[in-house]
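The next block holds one structure in the form of structure tokens; read it before the comments.
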Amino acid sequence: MSTAAPTATTIGSAPEPQKRRLGIRSIAAGLCLVLATIMLPAGGLAFWGQRTLTDTERFVETVAPLATDQAIINAVADTV
């Protein structure tokens, strides 16, 4: 009987790892991520604008306190 020491070739070697290719799914996922990153702040701003600027009561409620602030009154008077 032969008692040879096991080597890497006798134990079995793992196949070489293949280079990873960018598939259509990866490209689509990246594109969706970029679009979501851009659209989320834009959507938030549009939602705020729609709720604040198109509702008269809410707009007046937001802007009315500015009319009593002396610094703002002076700034508007200097500009106009």
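In numbering that gives the first Met the number 0, the protein residues as written are 0 to 79.
Beta carbons: idealized from backbone N, C-alpha and C, even for Gly.
V59: CB within 6 Å of a non-hydrogen atom of the ligand NAD: By its list of ligands, the structure shown contains no ligand whatsoever, and the ligand NAD lies outside what it can speak to.
Length of the line joining the Cα atoms of F46 and L52: 10 Å
Other residues of its chain near R57: CB distance less than 6 Å, five sequence neighbours each side excluded: T51
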